Structure formats: structure tokens, C-alpha cells
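Here the structure comes first, spelled out in C-alpha cells, and everything after it is commentary.
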Amino acid sequence: MMGPRTPTEPDATMSPLRRSSRSHGDRSDSTETLQKNNSSNSGVILDISALKLEVDSEVPPLPPRYRFRDLLLGDQSFQNDDRVQVEFYVNENTFKERLKLFFIKNQRSSLRIRLFNFSLKLLTCALYVLRVSLDDPEQVTGVCVNCQNRTSTTAESTESTEINWDLIFWVNRRVPVWAIQVIVALISFLEAMLLTYLSYKGNIWEQMFQISFILEMINTVPFIITIFWPPLRNIFIPVFLNCWLAKCALENMINDLHRAIQRTHSAMFNQVLILICTLLCLVFTGACGIQHLERASNQNLTLFNSLYFCIVTFSTVGYGDVTPHIWPSQLLVVILICVALVVLPLQFEELAYLWMERQKSGGNYSRHRAQTEKHAVLCVSSLKIDLLMDFLNEFYAHPRLQDYYVVILCPTEMDTQVRRVLQIPLWSQRVIYLQGSALKDTDLMRAKMDDAEACFILSSRNEVDRTAADHQTILRAWAVKDFAPNCPLYVQILKPENKFHVKFADHVVCEEEFKFAMLALNCVCPATSTLVTLLVHTSRGQEGQLSPEQWQRTYGRCSGNEVYHIRLCDSKFFGEYDGKSFTYASFHAHKKYGVCLIGVKREDNKSILLNPGPRHIMAAPDTCYYINITKEENSAFIFKQEEKDNKGLPVAGLYDAPSRLPVHSIIASMGTVAMDLQNPTDPPEDSSKLTLPTENGSGSRRPSIAPVLEIADSSSILPCDLLSDQSEDETNQSDEESSSVSDFVKGYPPNSPYIGSSPTLCHLLPQKASFCCLRLDKGCRHNSFEDAKAYGFKNKLIIVSAEMAGNGLYNFIVPLRAYYRPRKELNPIVLLLDYPPDNHFLEAICCFPMVYFMAGTIDNLDNLLQCGIIYADNLVVVDKESTMSAEEDYMADAKTIVNVQTMFRLFPSLSIITELTHPSNMRFMQFRAKDCYSLALSKLEKIERDKGSNLAFMFRLPFAAGRVFSISMLDTLLYQSFVKDYMIPIARLLLGLDTTPGSGYLCAMKVTEEDLWIRTYGRLFQKLCSSSAEIPIGIYRTESHMFPSSELKDGYPQSQVSINVEDTGGDDQRDNRSESWKEKTRTHRMSTTSESEHPLLRKKSLQWARRLSRKNTKPPSRTERFSQQRLNLYRRSERQELSELVKNRMKHLGLPTVGYEDVANLTASDVMNRVNLGYLQELQGISEQPLGEETRTGANTDEMNDHQNTLSYVLINPPPDTMLELNDIVYIIRSDPLAGPNVPEDPAQGQSSGGGRMRQDFGTETRDETHL
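The structure is reproduced here in C-alpha cells:
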């Protein structure tokens, strides 16, 4: 292509164009030959071409870099031969297009032009008013300017009743006014002609017959004519009609203004403006027209009188004091009224339509308000009344949020219930509803998202396709983050696999993660769902305080406890414990102030630690997290001296309860033998102080409790193997048990089902189980077991009924297989699934021990029996996605409720934990149509709801006992995070979703008969802190109540009967210690078996209770007794029928029926609580009697089953002097075993009575007697 050339070559300096043309072949050669022939004919042309060639030949060569590129890419110069420069948008370069761009298209210049035009029209109207004010009808001159008798003729005509037409056509116009009007008319005319030319589209008549063009010509052309014909200068011209042109100019100006400021949602403003301008133009036109026409009558009207007449006429008042006198003005009034009747209704109709549409769409949130006031935005797919009220009640429960506005951005129209609620003055002033999408910037601009303090994005959990609902939530979160990067995001996601898409959000709550973790903990820590729900709801603890039931008052008062935080250096609660251990600070703060310190966060660490243990030394910059009725900033401190000075004055304390200062805990903390303390008299119920118990005169001694050390004694801390279970090594086990648990190892699950799951150290199998071995009801080549009985499990089963094996179900297994669970207490888990799981899920769970699945449903009795329901301790019924939406509201739970009720009748000893879609449906759990006590609780719920309580459902027995749960109850967790940004991390730590090194975990222990010497919750707090560094946070209490029989129509006034063994007389023998204990624990609560020590005493207690109940009621008549016996026989036959049904199906399936016969005679009531109270043994003894004895004792058994019921409830952070009762389950936060061993108990304490037992109960690893 380009070879080396010598300087002598003629083509060395040839331009690239010439070189490229030479290489084109014969065609280029012929072209050169033709040029030479032409050049021979014309020497001048030849010289010019030679000159051009010489100029081209002087072009310097390309730089070397381009030459090297050409060497690689080839000679590309031929591509430049056909290159043509193209200019775009040449049509805009014409004169007409430039004028159109300036006058019409350009927003700002067009706005200026229209503003100038509007000013001209207003000026013409003002000049007309000025001309009218200067007008004198007696000096009117017409065409004959030199006529002398014009004035006399006018004067004579005014005296007659005839119409003076000259005064209608001629006016008195001063020369300066005329000159200004001519100038304005000339400018307006030229502008109108120019705009007509620019807007011309091929049809000139369309432009000429426009009303605006006709009015422009009427008001401008006559003035231009008067320039050339002076006699016409006084002719009347209706210049006041320019008000309509001014109206059109104002409309166009407003449109251009909105275009310039990018305001698109201005239809309502424009319509209101048009309506106002129309009214003003009608009134102004009528006033000017009537005033001018009345000049021709003998009674002239001023412009003000005409204006007054028009306003009175258009307002349909019609006083009649000012009226037109001649028919032209009267005709004008008729025309104006007709025009008003046609134009105004159309305007009002358009305005009403726009108003209705604005009400639907919600209008806009003004920028001025957004910059001066604070607001939060709630983005939802569809807004339901329950969701709205939960958000508003929780959001505005905090005092500092009272001045906030809530802007709701929803793509759907408001339903009737939401509209009705938002019209309440309480919410109408603070809640603004906008219909729009979060994916549109215009709607986000309407909501002023960039100025919002927070944005809550909630998923629609009632959708059939929950994955699609999550995808919509993700897009909303992305859109908001793109539009307003600085706006804090609070996102609710449904499925855990979608959580990592919104990881950028400030706070994220995954519904299925929390749901399954909470349901799992419910199996090992009863009523964990109730505990967490009460903690995340804002309450003042005033629920149930007017109830006659003692348990409702106590339960409602303790429900007001919430989690708060404060810096140690700023706290009066914890400031004095700087440099002390965490355990020491927690115990003494609870003993002194009644607050429960549960966690701490270092200043240089972002992680919150729950109960870091005694090795954690409190520092001034630490942030303390504690449970209390209210935060410290809102608490008043009244010390003992002030209390003495103010003796007799009612002062509110931390607990409005019959309690006193726990001085007995102070005595016990000295490490000496403490004296028995008790209350000789019952304090008044409205006492607001923690009362001080007095000493017991009996002089009895009990074991003392070791003091809580300020700093952990490092010399007493023994090393331990962090990955071994000392409990299994130290306890005596059979060889079979030892071999079964020794197969487990501790480690992290190798396969996570989704991205974003927190790694948790768990009990794992040494080798993954085969997928075939995970199937419970089918054998394989590895084992031949086909039912739960064949496996021979040592512990009770936990059965989970779910529709499908979603990734969230993984969070149910992990907390139950966490490393801190003792190996011997691991319960087998059976997943009863409607659809078989996929291999991805099986790969994630095959590493966990004793986890199986089975395809089946809970409405199939055979499936329930095959999965081992008679060997199960807990059955968890998860809400199904396919039933979450129903055509009728609140009917989504119908199938679940009926199926659970059926299982409860078939398997009464089973503890069933149910998840519902709607919390209001929990009243149907364990439903009994004639249950008077449930009806009384329903009335209490209505009372609390009328008071505006956020926890009106808390007194429902299934919820209080932790047997029912709805995930919507945890929505407040996300709302509360706006004020308490630490609530989500604390909840995740409590539920085991996150495991922070050094942070503790939630577990439970059961108070047995041998533990009752501790007596009070405050002393238990000290015992736990001193022995095993555990922090108690609440009590799960089960009480027995005597509910009235609904079938007996006696109408007993008592809703419950207090049963005390001491009231039955002296026919029973008790030792001194139990007798003194019963005297000290007598309260208004109905506890029957807290003093029992043996099954015989327990059976006698039941007999005493029946005898006492018969003493308090009138003996039934003979007829009533026969009726009751017939009813008992009917009931027993129904139970036997259900029992026979189950046993027949078990025989058909080849399953043994031994496990079902023991509890066949139980009714459908809360039998798990009866097991806790020791009733099951009594009932089993009754069920094992011969048939003849069953007939004889049937009435007594049914009487006990119908009248004797139990209820359970949760006490969060009860006062220190709360008396412990038998079978109380205490929620404790145990320190992390991997963070190092805790301070062991003093060996000297083991010599005291009961010390060895408590050391075994509360040890960190040894759990032989601890019931979870």
C-alpha cells in the first residue's frame, strides 16, 4: 500500500486524495484522461486545476503515528471521499419557526409574552372604567362636531321617557384617554395578527371565527379607524369585553407557569381559577353593559350601582332597590342570566368532578409544609383498615411524634372503611392519603419524599403470590432510594431469599424469618410469641386495671414493659455501676429500681450484646438496654427519706402494685443466712410502693443465696471445652443414649437455603443424611422405619404443618438445633408438608439431626397418625399462603381454625400452636359457644379497644397462653424502630436469628417444688446472677380457675372461685414448712397445687377443691342431678366415639394404640397447662379405672373437666417481691457459653439445704432438672 519512496519521486508529496484516486483502476484513469482533454481546450481552466493540484501537493504528510495506524489498518482514505456534513433541525432556522419558538414554544419567553398581553387587557379595562368615571352624557358630541343644537337636543331628550339612542352609540372620550386606548389597541392588534399567522395550519377561516379573535377585532379595529377618521373618536366601543381576553391570557399564563416550574398536577387549581375568572367576567360585563345602556334612560346608573345590581341578581337575592328602566338593559340582564345558567353549571360540574378525583388521588403535599413540618411516608400496595390502625396507633404512641404528618402513598383507591377513619378529626389533621405509585417520580414528588423523615415500605401479605409481592416491594425500595437517597428506609419483606435485595435499607424486617423463629421458640420456651409481641407494642400498662380479676390486673400492668436505652454516664439507674460487672449492675438495678438490664453495647462496637456475662465490665460510654414500664427520662426518683417526709401522700412509683421495697434481697445479698420475711397483712391494692416484708416470728431458716460479685473472680473461672457438652459428660446416661447423642457434632451448617442467613453454630450430623432417610413414612435401604414409633425417639416430637417447604422454614430448625441446646433435650422435628420439598431445601436440612419430613395435611387423620402425633409434644400449624386471601374479609383463617379445633378434640393432650392471618380470629380458638368466661373476656377486649389500647387482644386466653399468633402483630416492630433503632437487632438476638459472639440467648427454666424456698422473683434474680450469671426477664404463669358451667342455668355470680387448702379444715396433715409457705403465698389468685409435694397430696387437693366448690353453691335438686348425669353420659359417649375412631385408624395403619389410650377421656381444653399443674396423672388414674368405676366416677370427672380450667399468661419484668408459684416458667437470658465460663457457685453453698439442687438446676451446662 505505502512503500518507501525517494525524495525524487513526483508523488512523494501527493495528497491522500490523489493517491487514493490513482489506485481506483481504469475508471480513475479515464477520468484523468478526460480532464487532460478538457484542459487542452481551455488554458485558463488548466492553469486553475494545476494551481489547485499544486496547493494539494503541498499538504504535509500525516504524522508517523497515523502512518503506523494506516500500516496496521490499511489505507482508509477512500472512506472520506463521500463524507457529507449534515445539518439537523434546519426547519427551525426559518423566520416563522424562530418567531414561534419565541412566542409559543419556549416556556419562559412565552410566559413573558402572555404576562404582557394579560397586562394590556387589564389596562384596557382600567381605561374603560376611567373613561366611564369621566363621562358626562350632557356633553356628548357626535358626528356633527360643529353642530350647535346637539346639547339642547340631548337635554330635551333626557326629560322624556323615550330611549336616547345617541347616548348609546356616542360617548364623551377625552383626548388623552383616546390616545392611550389607540396605542394599546394597535399593540394588541399587531400581536393578534402575529399569533394568528404563527398558529396558521392551513385553514384561515378557523382562525378568524374564533371568539377570541372576534373580540380582539371588535376592541382594536375601531380605535385604529379613529386615527384616520377623527369624527369617530367618540363612538362607543365595548372595551370592557377585554376582560374575557384577559381571562384567556391568564389561563395561558398559568399553563406556561406550570410548565416552567414542572408542576403537572394543577388541574384543580386551574379549574378553580377558571371558575372565579368566569364569575368576575360575568359580573364586570353585566355591570359595564347595564351602566352604559342605562345612560339612554332618564335615570342614569353609576358603575357602582350597576355592580351592586349584578351581584344581587347573580346571588339570587334580588332586593329590587336598583333595577334597569329601559328594555335594552333589561334584555342584557336576561341574556347574562341565560349565559350564567349555561356556563356556571358546566364550570361547577367540572370543578366537582376534579374535586372528587382529587379526593381519590389525595392531591399533593405542599413543599412549604414539607420544609416547615416533619412527615413520614407509608408506601403500601393496598391499604386495609387493620394495617392502617396498627401503624397509626403505634406511630403516634410516642410523644415526640405527635407533630409528625403521615403521608400514605398507595396505588389503589381508598376503601370505605379507610375513608371513614381518615375523616375522624384525630387523623384528618395528621394523615394525608395520596393515590399514586412509588415507582413514579411525579408521585414521589407529590409526597415530597426527599424531605420525608422516614419511608415505610410494607408488603402485601394477603397476596396469593408472595414472591411477586416481594418483587414489588423491592422495586419500591429501589425507586425511593434513587429518588431520595438520604431518606431513611424501613422495609418489610416477606420471604427471606429476597432480603438481600433491600440490604441497603436502614431497617429490614423479614416476616418469615421472625415467624418461624418465634414459632420454634414457642416449643421450648412457652409463649415466646406473647412475650415478644408485648415487648414490641407501646403500652402504658393500664390495660385491665379496672378488671375484678387479679391476674388480669397483674398481666396488664406487666404488659407495659418495653425495651429502652440510655448511656451509662447519663443514667441514674446504672451510673453508679461504672467499673462493675454486667451481672452485678443488672441485679442491683432490678433490686433498687425494678428495671431489668438485659444488654449493653460498647461505644467502639456496633453489636448489641445480650447478657455478656460477669466478665463484661461496665464503662461510662456504654449504652445500656433495659426493660421497664417507661424510660428513665420520664421516671421520678423518691428515696426513702423523701418517702418519710411525704408520708401519707400518694406518690406514683415504678409499679402501681401491692408491693414493697425488696429489702429481703438486700439481706440475702450479704452472703449470710437470711431470715424468713413475709407480709402479716395484705396491703391495699392501690399501693404504689414496693412494700417491705416484715420478719417471720417463726424463726425458721432457709438456705442463703450467694452475693453477686462486683467483678468476676478470674481465679474461680474454670477452663472448659467450648465445643463439648459437659452436661452429657457429667450426667448418667444409658449406653444407648450416649451412643445416640455422641454422633452429633457442632459446627456451622454447610448449606444455607438463601443468601443473607446468619451463620449459627448448631448440632450437626457427622455426615449428611441421604434424602431418602429424611422421609419419615417410607423406608429405604438405610433403614426400614415407616412411622414415628419405629424410630424409638427418647424425646417428644415437634410437628410442623406447612403448605410447602419454603426457605423460611429453615429458621424454624436452626433455633431448635443451636449449639447451646443440650443434646439430650433435642426434640425430633417432623415437617408435615402439603407438597414434597425440593432437593434444594433437603440439601439444607440434611445436615441436622432428627429432622424428617412427610407429605400430608392436618385434615387427614391418617397423615397425622403416621407422622407420630400421639408422640408429639407440640404441633405448630403454619398459616398457608393459598388461604391468606379470601373473598370475604377475615375468612382466610376458616379452614385452619376448623382443622385445629378438630385436632384438639381428637388429641386433647397435644399442645397446638397456631398461626392466623387475622388477629381478631383468635377468639375462635378452642371455641365454646356457652363459655361465660370467654364472653366476659370479649367484653373486656371491647372496653380496652374503646380506650384506644394497642393490645386489646391481649386478654384472649389463647394469646395469653402463647397458643395463637399472627405475624401482623409484629408489624409494630418495624414502626417502633423509627424511635428505637435497636429493637430489630434485640428481637433477632432473642429469637436466635442472629448470633453475636459474646451475646446470650433466650431460654426458660421451670420452678419445681424444691425451688420454692427462693420464694420471690427478686431472690430468684439474685440466685441466677450469683450462680450462673443468668438474667431473668419474665414469668410464664399457669393458674387454675373455677369457671362456671355454661350448661347449668343457676346464674352463679362468681366468675371464679378461690381455692385454698387451708379453708378445708384440719382433716389433712401438713408439715410446718409447707404450712408456713401456704400462709405466705395466699393471694387473690386461684392457685391450687403450689403446696403439693406428692401425687397423693395432689389428688387430695382436687377432692378438697370439689368439696369447697360444693360448699359455696346450693345443692342441686333431684331433677337437676339426673339432667347432669344424662349430660355426662352424652359427653362420655362422644369422647368414646372419637377415641374409637382414632384407634380404628391406628389399627388400620398398623400402629400401636398404647399411646393414645392414656388420654382418651380428656376434653378439648388446655391440657398442657394441666400437665404443668399435675392434673394429668389424676386424669390418667381415672381413665384406667374399670368400666363400672367409670360409671360411678363419671359425674365427678366431668364436673372437674367442665369447671376446673387453667389459664396461662406472661409477666414481663415483674416486681422483685412477686411470689414464685409452683410450675412457673421463668424466661432467662443465658450468657454465651462460647464467650468463656461463668463464675461458678461458691462450694460452701452446697452444704446448705437445697443448694446442690439449685446448682444443678441453674448451671450453665447441667440441665437434668431444668424443663424447657
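The sequence shown begins at 1 in UniProt numbering and counts up by one. For glycine and all other residues, C-beta sits at the position ideal for the given N, C-alpha and C. Fair warning: this is a prediction, and the values are worked out from it, not measured in the lab.
DSSP beta-bridge partners for Q1125? The sequence position of residue 1125 within the sequence shown is 1125, counting from 1. DSSP, once it has assigned bridges, lists no residue as partnering Q1125.
Inter-residue spacing [alpha-carbon to alpha-carbon] between M922 and T1119: Within the sequence shown, residue 922 is the residue found at index 922, counting from 1. Within the sequence shown, residue 1119 is the residue found at index 1119, counting from 1. The straight-line gap from Cα to Cα measures roughly 38 Å.
How big is the Cα-Cα spacing for F240 and F88? Residue numbering aside, residue 240 sits at position 240 when the sequence shown is read from its first letter. Residue numbering aside, residue 88 sits at position 88 when the sequence shown is read from its first letter. Roughly 47 Å separates the two Cα atoms.
Only counting the same chain, and skipping five residues up and downstream in sequence, which positions put a Cβ closer than 8 Å to that of E159? Counting from 1 along the sequence shown, the entry for residue 159 is found at position 159. Because the pLDDT of E159 is 45, which lies under 50, any placement of that residue in the model is unreliable, and the question is left without a value.
I need the straight-line Cα distance from residue 1278 to F514, nearest angstrom please. Not covered by the structure: residue 1278. The range shown for the chain is 1 to 1268.
Take residue 1270 as the anchor and find which of P753, R963, M954 has the nearest alpha-carbon. Examination of residue 1270 is not possible in this model, given that the chain is present from 1 through 1268 alone.
Check whether the region 401-414 and the region 436-446 touch, using three or more Cβ-Cβ pairs below 8 Å as the test. Verdict: yes, contact present.
In the DSSP assignment, what residue or residues form a beta bridge with C455? In the sequence shown, counting from the first residue as 1, residue 455 sits at position 455. Partner(s): V377, L489.
T313 in three-state terms, based on DSSP: Within the sequence shown, numbered from 1, the residue matching residue 313 stands at position 313. Helix, per DSSP.
Are the region 170-185 and the region 122-141 touching by the rule of at least three beta carbon pairs closer than 8 Å? Cβ pair count under 8 Å is three or more, so yes.
Among all the DSSP beta bridges, which residues are the ones paired with S1208? Taking the sequence shown and counting its residues from 1, one reaches residue 1208 at position 1208. Partner(s): T1038.
In the DSSP assignment, what are the bridge partners of Y564? Here residue 564 corresponds to residue number 564 of the sequence shown, with the count starting at 1. Per DSSP, Y626.
Using the rule of at least 16 other Cβ atoms within 10 Å of the residue's Cβ for burial, across every protein chain shown, is T154 buried or exposed? In the sequence shown, counting from the first residue as 1, residue 154 sits at position 154. Unreliable placement is indicated for T154, whose pLDDT of 44 sits below 50; the coordinate value is still reported in the next sentence. Its Cβ being crowded by 16 or more others within 10 Å, T154 is buried.
Quick one: what does DSSP say R540 is sitting in, helix, strand or coil? Taking the sequence shown and counting its residues from 1, one reaches residue 540 at position 540. Of the three classes helix, strand and coil, the one that applies to R540 here is coil, per DSSP.
Coil, strand or helix - H398 by DSSP: Position 398 of the sequence shown, counting from 1, holds the residue named residue 398. Note: H398 maps to coil in three-state DSSP.
Residue from G599, I1031, E549 whose Cα sits closest to the Cα of L940: Numbered from its first residue, the sequence shown carries residue 940 at position 940. Ranking G599, I1031, E549 by Cα distance to L940 puts E549 first.
May I ask you to report which of helix, strand or coil DSSP gives S417? Along the sequence shown, one-based indexing puts residue 417 at 417. Position check: residue 417 holds Gln in this sequence, whereas Ser was assumed. Note: Q417 maps to helix in three-state DSSP.
When you compare the region 896-903 with the region 813-822, are there three or more beta-carbon pairs, one atom per stretch, that lie closer than 8 Å? Segments in contact, no.
Compare the C-alpha of G560 against each of L215, V1210, N1223 and name the closest. As a working note, residue 560 is residue 560 in the sequence shown. The closest CA to that of G560, considering only L215, V1210, N1223, is found on V1210.
Leaving aside the five residues before and after L111 along the sequence, list all residues of the same chain whose C-beta is less than 7 Å from its C-beta, in chain order. The residue labelled residue 111 in the question sits at position 111 within the sequence shown. Here the set comprises M253, D256, L257, A260.
Taking only the alpha-carbon atoms, compute the straight-line gap between Y433 and Y405 and give it to the nearest angstrom. Translated into the one-based positions of the sequence shown, residue 433 becomes position 433. Translated into the one-based positions of the sequence shown, residue 405 becomes position 405. Their backbone Cα atoms lie some 11 Å apart in a straight line.
What's the C-alpha gap between S564 and I627? Counting from one through the sequence shown, the residue named residue 564 turns up at place 564. Counting from one through the sequence shown, the residue named residue 627 turns up at place 627. One detail in the question is off: residue 564 reads as Tyr in this sequence, not Ser. Cα to Cα, Y564 sits roughly 6 Å from I627.
Under a three-way DSSP split, which group does residue 1274 fall into? With the chain covering only 1 through 1268, there is no way to say anything about residue 1274.
Residue from W165, H368, G289 whose Cα sits closest to the Cα of Q330: Working through the sequence shown from its first residue, we reach residue 330 at position 330. Nearest option by C-alpha distance: G289.
Going by DSSP, which residues form a beta bridge with G1018? The count along the sequence shown starts at 1 and reaches residue 1018 at position 1018. For G1018, which the question treats as bridged, DSSP gives no partner whatsoever.
Once you ignore the five residues that flank L1151 on each side, which residues in its own chain have a CB closer than 8 Å to its CB? Translated into the one-based positions of the sequence shown, residue 1151 becomes position 1151. If we look at L1151 and ignore the five residues flanking it on each side, its Cβ neighbours are D787, K789, L865, Q866.
Could you give the residue range of the beta strand (DSSP E) that holds R1230? Taking the sequence shown and counting its residues from 1, the one referred to as residue 1230 is at position 1230. Counting along the chain, the unbroken beta strand (DSSP E) around R1230 starts and ends at 1225-1230.
How would you label T220, buried or exposed, when you count the other beta carbons within 10 angstroms and need 16 or more for buried? Translated into the one-based positions of the sequence shown, residue 220 becomes position 220. When all chains shown are included, T220 counts as buried.
Alpha-carbon to alpha-carbon, P919 and E881: Residue numbering aside, residue 881 sits at position 881 when the sequence shown is read from its first letter. Residue numbering aside, residue 919 sits at position 919 when the sequence shown is read from its first letter. When the Cα atoms are used, E881 and P919 turn out to be separated by approximately 16 Å.
Mapping DSSP to helix, strand and coil, what is I183? Numbered from its first residue, the sequence shown carries residue 183 at position 183. I183: helix per DSSP, three-state reduction.
Suppose you measure from the CA of L1149 to the CA of P707; what does that come to, to the nearest Å? The sequence position of residue 1149 within the sequence shown is 1149, counting from 1. The sequence position of residue 707 within the sequence shown is 707, counting from 1. For L1149 and P707, the distance between alpha carbons rounds to 59 Å.
G779 to Y852, Cα distance in whole Å? Here residue 779 is taken as the residue at index 779 of the sequence shown, counted from 1. Here residue 852 is taken as the residue at index 852 of the sequence shown, counted from 1. Distance between the alpha carbons of G779 and Y852 is about 12 Å.
Just list the residues that DSSP pairs G747 with in beta bridges. As a position in the sequence shown, residue 747 is number 747, starting the count at 1. G747 has C762 as its beta-bridge partners, per DSSP.
Per DSSP, which residues does C510 bridge with? Please list them. For this step, residue 510 is matched to residue 510 along the sequence shown. DSSP, once it has assigned bridges, lists I493 as partnering C510.
Apart from the five residues just before and just after T1153, which ones in its own chain have a Cβ nearer than 7 Å to its Cβ? In the sequence shown, counting from the first residue as 1, residue 1153 sits at position 1153. K1143, M1146, K1147.
If we count the other Cβ atoms within 10 Å of its Cβ and call it buried at 16 or more, is H840 buried or exposed? The residue given as residue 840 occupies position 840 in the sequence shown. It is exposed - the Cβ of H840 has fewer than 16 other Cβ atoms within 10 Å.
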